[in-house]
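For the sequence shown, UniProt numbering begins at 12 and goes up steadily by one. First the structure, in the form of structure tokens, and then the observations on it.
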Amino acid sequence: GLLLAIETSCDETSVAVVRGGREVLSNVVSSQIDTHRQFGGVVPEIASRKHVESITIIIEEAVREAGIRLEDIDAVAVTQGPGLIGALLVGVVAAKSLALALDVPLIGTHHIAGHIYANRLIGEILYPSLALVVSGGHTEIVLLEAEGKFRIIGRTRDDAVGEAYDKVARALKFPYPGGPHVDKLAQEATEEIVLPRSWLEPDSYDFSFSGLKSAVLAEINRSRMKGESPDFSALARGFQQSVIDVVTGKAIRAAKEFGARQMMLCGGVAANRGLRERLAALCEEADLPLLIPPHNLCTDNAAMIAAAADLKWRHGQFSSLDLKAEAVMSLEDWSL
Ligand code: ATP
Ligand code: MG
Ligand code: FE
């Protein structure tokens, strides 16, 4: 069947048409980033308004690009949460209207389930599978004991990885979103200022990045007080190495402890080259197959929402037309 999926949880308006849960016929993404950059971050009110302006256009574009007619759609999926409430509402209202008009089922979908199931668009998921989710708003280690069964093993206690990257990037004078700039600078660095690793309790799979971010800021201040200019590239390198050590170290340990047959890397920070390379090396050492989606499926997009919604579709689990957008939403509760 043909699934039309809508994603508007943050600052991307995206609509995809996916056949059989895996064959992406179109995946149109309209980013608002140029608008938000001047404010140094996503402004929720502006995001909602921009989604309203573009949603119908993006739906039409996705349908046209897929080479189908709107009447061919068999079900409609939408990101229900978590995310910016005003932004989510735009997608939810559009999805309900479509489902009602076309008289097809509606599937409210969890955004992080989407980031994880983006991997199903590129390969076979072997269960139990371990997902390392690293994005702008989330940092989680998720165990999938079986298809659609999500169990959160560890999560950040303060900043998400992407958020920490963006805050450090701002201190290094990069424009928003600065993650990719810090990544590039770290790759090119010849020196490294070694920063602390925040492992937390020995058996914990949780994360904390706010102390690391503070350590970067403290280093910058220390240099300035001495009248020196801080070595931004050595700092970027130190920050990146600390993040990579901890997230990959915990993910590999969790994979071993829970007997995972596979590792998946997902979310926008999966674009980080240092992270991809290190995780690939560690997985090879541990004889663990690794899936990492291509960049356009790592950042927010509707095809990943369709891939997750397909789970519910195949199990006949649909939402009613009084579906509500949820700013905060449990991944575990969304399990099959
Ligand atoms: P969530 O999915 O948690 O709601 P989000 O969808 O806003 O958050 P994504 O789009 O998945 O987040 O990821 C965006 C984040 O990824 C930004 O914080 C950005 O700086 C970061 N990022 C992108 N590329 C890189 C990179 N190469 N290195 C580090 N961080 C990166
Ligand atoms: Mg985004
Ligand atoms: Fe996201």
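Here a beta-carbon is modelled for each residue, glycine too, at the ideal position from N, C-alpha and C.
Determine, using beta carbons only, whether residue i and residue j come nearer to each other than 7 Å.
i: Thr24; j: Ser41; result: yes
i: Pro139; j: Ala271; result: yes
i: Glu151; j: Ile163; result: yes
i: Asp85; j: Leu13; result: yes
i: Glu203; j: Ala229; result: no
i: Leu334; j: Phe161; result: no
i: Lys224; j: Val179; result: yes
i: Asp217; j: Gly260; result: no
i: Val104; j: Glu72; result: no
i: residue 7; j: Asp169; result: Summary: the structure shown does not reach residue 7, with the chain confined to residues 12 through 347, and so no result is reported for it.
i: Ala129; j: Leu308; result: yes
i: Cys277; j: Val144; result: yes
Thinking C-alpha only, which one of the options is nearest residue i?
i: Glu76; options: Ile57, Val28, Lys107, Asp83; result: Val28
i: Ala88; options: Ala229, Gly125, Leu132; result: Gly125
i: Leu99; options: Ile17, Ile136, Gly134; result: Ile17
i: Leu322; options: Gly159, Asp344, Ile70, Ala142; result: Gly159
i: Leu132; options: Leu342, Val63, Val35, Val26; result: Val35
i: Pro188; options: Gly147, Phe218, Val153, Asp217; result: Gly147
i: Gly102; options: Glu337, Leu342, Ala182; result: Glu337
i: Ile303; options: Ser346, Ala142, Ala110; result: Ala142
i: Pro300; options: Leu342, Met274, Arg30; result: Met274
i: Arg30; options: Pro55, Asp83, Gly51; result: Asp83
i: Val172; options: Val254, Asn307, Ser225; result: Val254
i: His121; options: Leu290, His149, Val104, Thr90; result: Thr90
i: Arg106; options: Gly119, Leu95, Ser341, Gly97; result: The sequence shown places Ala at residue 106, rather than the Arg named in the question. If we check each option's Cα against that of Ala106, Gly119 comes out closest.
i: Ala297; options: Leu154, Ile263, Val54, Pro207; result: Ile263
i: Glu64; options: Gly238, His149, Leu183, Thr19; result: Thr19
i: Ser328; options: Val339, Ser346, Asn312; result: The question names Ser, but residue 328 is Gln in the sequence shown. It is Ser346.
i: Arg60; options: Phe50, Leu81, Asp22, Ala73; result: Asp22
i: His47; options: Pro191, Pro186, Ser330; result: Pro186
i: Pro305; options: Val193, Val144, Ile123, Gly279; result: Gly279
i: Ala266; options: Asp242, Leu137, Ser234; result: Leu137
i: Ala247; options: Arg168, His149, Val227, Ala58; result: Val227
i: Leu154; options: Thr167, Ile127, Gly134; result: Ile127
i: residue 398; options: Asp344, Ile70, Gly134, Leu332; result: Because the chain spans 12 through 347 in this model, residue 398 falls outside it and cannot be assessed.
i: Val258; options: Ala291, Ser240, Asn232; result: Ala291
Since residue i is in the beta strand (DSSP E), which residue starts that stretch and which ends it?
i: Phe329; result: Per DSSP, Phe329 belongs to no beta strand (DSSP E) and is neither H nor E.
i: Ile44; result: Run containing Ile44: none in the beta strand (DSSP E); it sits in the alpha helix (DSSP H), 44-48.
i: Glu151; result: 150-155
i: Val339; result: That residue, Val339, is in no beta strand (DSSP E); it is neither H nor E in DSSP.
i: Ser346; result: Neither: Ser346 is in no beta strand (DSSP E) and is coded neither H nor E.
i: Ile17; result: 13-18
i: Glu23; result: 23-30
i: Leu276; result: 273-277
i: Val144; result: 140-145
i: Ala86; result: 86-92
Considering residue i, what are the terminal residues of the alpha helix (DSSP H) in which it resides?
i: Val254; result: 243-268
i: Ser59; result: 55-77
i: Ser108; result: 96-113
i: Glu295; result: 284-296
i: Ile123; result: 122-128
i: Cys309; result: 306-309
Exercise. Assess, as a yes-or-no matter, whether the segment 301-316 is touched by the segment 207-217 under the definition of 3 or more beta carbon pairs within less than 8 Å.
Key: No, because fewer than three Cβ pairs between the segment 207-217 and the segment 301-316 fall closer than 8 Å, the two stretches do not touch.
Quiz item: Which runs of the beta strand (DSSP E) spanning at least 3 residues fall entirely within the segment 161-238, listed in chain order?
Solution: 161-166
Quiz item: Does the segment 191-208 come within contact of the segment 270-288, defined as at least 3 CB pairs closer than 8 Å?
Solution: yes
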